[in-house]
Amino acid sequence: MAILHTAPSTSATRQLFALVDVNNFYVSCERVFNPRLEHRPVVVLSNNDGCAVARSAEVKALGVTMGMPWFQMQDLARKHGIIALSSNYTLYGDMSNRAMTILRDYSPHIEVYSIDESFLDLNGLAGHWDSMTAMGQSIRHRLRQWTGLPVCVGIAPSKTLAKLANHVAKKRTEFDSVCDFAAMTESELDTLFATIDVGEVWGVGGRISARLRAMGVKTVKALRDASPAWLRAHFGVVMERTGNELRGISCMKMEEVSSPKKQIMSSRSFGTMVTTLDELAEAVATYVARASEKLRQQGSVCGAIHVFIRTNPFRERDLQYSNGIVIPLPNPSNDSTMLTKAALFGLGQIFREGYLYKKAGVMLMALTDAKKRQGTLFDDGAGDVRAANLMGVVDALNRQYGRDAVQLGAAGIQGSWATCADNRTPKYTTSWDEVPNVWAR
DNA sequence: TCTGGGGTCCTAGGACCC
DNA sequence: TCTGGGGTCCTAGGACCC
């Protein structure tokens, strides 16, 4: 009976994904425009030239790790002539767009997963190629020819496996940069998986891999063969899903349209230590401008703004201070001026004299369409007053309890924006009289 | 001397409600 | 003396990703 066909069979639901990932992306971008960097040890450094954010194969071979501070590789750099470049994110973004555009020719469904990697939905494409490996090679050659970027391609029935196949394509030269698990036999995969460390699996980071190893699960094969119930009991639903993905059961869909960000952050480390509120304020104003521009681009408004500052945790001799505060916005807004006022107000609450500040930042809590007008972020904790207009609520409470009984709690963070004098103590408060200076009505 | 900048999801536990 | 139970919401913190 035709109706019964809705029951999924393994073959009917079999998926096929490719993961295309640019090798050493930032370094490769730099090499496109400066071929003399080819075959030489190159690192791209983070903001303030602090630490390595991309490494060429030559540099990796020297033992330079991701995130290694530049000053720690000085000896290596002198000895081996490591070339260090400051990062140029505009360039990398542009190169990324070019590469992703080319990939769209290969599949109608592509998910741009990060600046240097994309998933391709390969379902129904097999008929167009002698093999999917051939398709992978075509992608690789075309990207190299048209953009100058070297890539590896992993192909498999689940995203997690495609990531792993990509890893294999990168590490094992015999695959010639394209690895298709779907074209390999069970025993070939068993052999391969038994040699790959469990920490290489997408979703298995440092903490979990250490715990897994301690429990005897040391290889990809062991993780794949662990029982779902056991994984769930010890590591939760995410790891259970990872186990299923490793067995070729696709649990993660393509996400072709990127959903709007829920949080938009802008922060920087300072090149030199900062001590004054004025300097911090200038930086914070810049961050708000940058973040609110992203906010407007995605058509959101900001419901609350998180400001944070901290000293340099690496300088253990220094007096340390780290603090942050969330300022709720009575009227969600995407206006730079308004957001800056709120952020600077928050900064004023957490700033303390006498510290050497190293970093500051802001995070905007974005509200997208559905939540825009509801003002659901804040609750008075006593009833169902929803702060569509925080000022009005504070006014009302003050009338009820007497003037100044209620203050605007900057601790408004943690969800309690207003505090009754007789009932709760906020972390930070400001007098009601100051508020109009902060949020111009 | 010198150590990046973004993000997401899940879970445990407490507060609160009926 | 004995003091429910189920559901929801919220937060902090942990873990992961690039």
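Going left to right, the first sequence walks through residues 32 to 472 as my numbering numbers them. We put the beta carbon where it would ideally sit given N, CA and C, even for glycine.
Restricting to runs no shorter than 3 residues, where is the beta strand (DSSP E) found entirely within the segment 140-187?
141-145, 148-152, 182-187
Would you mind giving the Cβ-Cβ distance between residue 318 and residue 393, rounded to the nearest angstrom? I have them listed as a contact below 8 angstroms.
Against the first sequence, residue 318 aligns to sequence position 287. Against the first sequence, residue 393 aligns to sequence position 362. Confirmed, about 5 angstroms.
In terms of DSSP beta bridges, what is residue 340 paired with?
Counting from one through the first sequence, the residue named residue 340 turns up at place 309. For residue 340, which the question treats as bridged, DSSP gives the partners 354, 391.
Run of the alpha helix (DSSP H) containing residue 314, from where it starts to where it stops:
Position 283 of the first sequence, counted from the start, is the residue given in the question as residue 314. Residue 314 -> alpha helix (DSSP H) spans 308-328.
Keeping to the same chain, check which residues put their C-beta closer than 7 angstroms to that of residue 149; ignore five residues upstream and five downstream.
On the first sequence, residue 149 is found 118 positions in, with the first residue counted as 1. 51, 131, 134, 141, 142, 143, listed in sequence order.
Residue 168 to residue 207 span [Cα, whole Å]:
For the purposes of this step, residue 168 is taken as the residue at position 137 of the first sequence. For the purposes of this step, residue 207 is taken as the residue at position 176 of the first sequence. Their backbone Cα atoms lie some 9 angstroms apart in a straight line.
Using the rule of at least 16 other Cβ atoms within 10 Å of the residue's Cβ for burial, across every protein chain shown, is residue 438 buried or exposed?
Walking along the first sequence from the start, residue 438 turns up at place 407. Below a pLDDT of 50, predicted positions are generally treated as unreliable, and residue 438, at 45, falls in that range; no measurement from the model is reported.
Of all the options 256, 285, 54, which has the alpha carbon lying nearest to the alpha carbon of residue 179?
Against the first sequence, residue 179 aligns to sequence position 148. Closest option to residue 179, Cα to Cα, is 54.
What residue does the beta strand (DSSP E) around residue 266 start on, and which one ends it?
Residue numbering aside, residue 266 sits at position 235 when the first sequence is read from its first letter. Unbroken run through residue 266 is the alpha helix (DSSP H), 259-266; no beta strand (DSSP E).
Taking contact to mean 3 or more Cβ pairs, one atom from each stretch, closer than 8 angstroms, check whether the segment 68-81 and the segment 95-111 are in contact.
With a cut-off of 8 angstroms on Cβ pairs, the segment 68-81 is in contact with the segment 95-111, counting three or more such pairs.
Extent of the continuous beta strand (DSSP E) run through residue 74
Translated into positions along the first sequence, residue 74 becomes position 43. Residues 73-76.
Cα-Cα separation between residue 430 and residue 362, rounded to whole angstroms
If you number the first sequence from 1, residue 430 lands on position 399. If you number the first sequence from 1, residue 362 lands on position 331. With a pLDDT of 46 at residue 430, under the threshold of 50, the modelled position of that residue is not reliable, and no figure is offered here.
Rounded separation between residue 136 and residue 177 - CA only
For the purposes of this step, residue 136 is taken as the residue at position 105 of the first sequence. For the purposes of this step, residue 177 is taken as the residue at position 146 of the first sequence. Roughly 13 angstroms separates the two Cα atoms.
In chain order, what residues of the same chain lie with their CB nearer than 7 angstroms to the CB of residue 355, ignoring the 5 residues before and after it?
Along the first sequence, one-based indexing puts residue 355 at 324. Around residue 355: 337, 338, 339, 381.
Quick check on residue 378: does DSSP put it in helix, strand or coil?
Counting from 1 along the first sequence, the entry for residue 378 is found at position 347. Helix.
Inter-stretch contact (C-beta, 8 angstroms, three-pair minimum) for the segment 157-174 and the segment 55-71
no
For residue 207, does the three-state DSSP call read helix, strand or coil?
Working through the first sequence from its first residue, we reach residue 207 at position 176. In the structure shown, residue 207 sits in coil (DSSP, three-state: anything other than H, G, I, E or B).
If we count Cβ pairs, one from each stretch, closer than 8 angstroms, do we get three or more for the segment 217-235 versus the segment 246-263?
yes
Should residue 386 go down as buried or exposed, given a rule of 16 or more other Cβ atoms within 10 Å for buried?
The count along the first sequence starts at 1 and reaches residue 386 at position 355. It counts as buried.
What three-state label does DSSP hand residue 299 in the structure shown?
Here residue 299 refers to the residue found at position 268 when the first sequence is read from its first residue. Of the three classes helix, strand and coil, the one that applies to residue 299 here is strand, per DSSP.
In chain order, which alpha helix (DSSP H) runs of at least 4 residues are fully inside the segment 73-146?
88-92, 105-111, 120-134
Going by Cα to Cα distance, which pick from 90, 126, 211 is closest to residue 181?
Start at 1 with the first residue of the first sequence, and residue 181 comes out as number 150. The candidate whose alpha carbon is nearest that of residue 181 is 126.
Within 10 angstroms of its Cβ, does residue 266 collect 16 or more other Cβ (buried), or is it exposed?
As a first step, residue 266 is located in the first sequence; it is residue number 235 there, counting from the start. Burial call: buried.
Is DSSP giving residue 248 helix, strand or coil here?
Counted from its first residue, the first sequence places residue 248 at position 217. DSSP places residue 248 outside both helix and strand once states are collapsed to three, so it counts as coil.
Rounded to a whole number of angstroms, what is the C-alpha to C-alpha distance between residue 514 and residue 162?
An answer regarding residue 514 cannot be provided, because it is not within the stretch 32 to 472 covered by the chain.
What does DSSP give as the partner residues of residue 189 in its beta bridges?
In the first sequence, counting from the first residue as 1, residue 189 sits at position 158. Answer by DSSP bridge pairing: none, since residue 189 is not bridged.
If residue 61 sits next to residue 116, beta carbons under 8 angstroms apart, how far is it from one beta carbon to the other, in whole angstroms?
In the first sequence, residue 61 corresponds to position 30, counting from 1. In the first sequence, residue 116 corresponds to position 85, counting from 1. Contact holds; Cβ gap of about 6 angstroms.
CA-CA distance, residue 388 and residue 310?
Residue mapping note: residue 388 aligns to position 357 of the first sequence, counting from 1. Residue mapping note: residue 310 aligns to position 279 of the first sequence, counting from 1. Using only the alpha carbons, I get a separation of about 10 angstroms.
Nearest-angstrom Cα separation, counted from residue 45 out to residue 35:
By 1-based counting over the first sequence, the position of residue 35 is 4. By 1-based counting over the first sequence, the position of residue 45 is 14. Unreliable placement is indicated for residue 35, whose pLDDT of 30 sits below 50; no coordinate value is reported for it.
Please go through the same chain and pick out, in chain order, the residues whose beta-carbon is closer than 8 angstroms to the beta-carbon of residue 471, but skip the five residues on each side of it.
As a working mapping, residue 471 is identified with position 440 in the first sequence. With a pLDDT of 24 at residue 471, under the threshold of 50, the modelled position of that residue is not reliable, and the figure given next carries that caveat. Taken in chain order, the residues that qualify are 369, 372.
Would you mind working out which of 215, 217, 213, 185 sits nearest residue 202, comparing C-alpha positions?
Taking the first residue of the first sequence as position 1, residue 202 is located at position 171. The shortest Cα separation from residue 202 among 215, 217, 213, 185 belongs to 185.
Taking the alpha carbon of residue 233 as the reference point, which residue from 341, 344, 110, 255 has its own alpha carbon closest?
Start at 1 with the first residue of the first sequence, and residue 233 comes out as number 202. For residue 233, the nearest C-alpha among the options comes from 255.
Indicate the three-state DSSP secondary structure (helix, strand or coil) for residue 21 in the structure shown.
Given a span of 32 to 472 for the chain in the structure shown, any question on residue 21 remains unanswerable.
CB of residue 296 to nearest heavy atom of the ligand ADP: below 8 angstroms?
In the structure on display, the ligand ADP does not appear, and there are no ligands present to speak of.
Contact the segment 279-287 vs the segment 315-332: 3+ CB pairs below 8 angstroms
no
Can you tell me which of the three DSSP states residue 228 falls into?
Against the first sequence, residue 228 aligns to sequence position 197. Here residue 228 carries a strand assignment [DSSP, helix/strand/coil].
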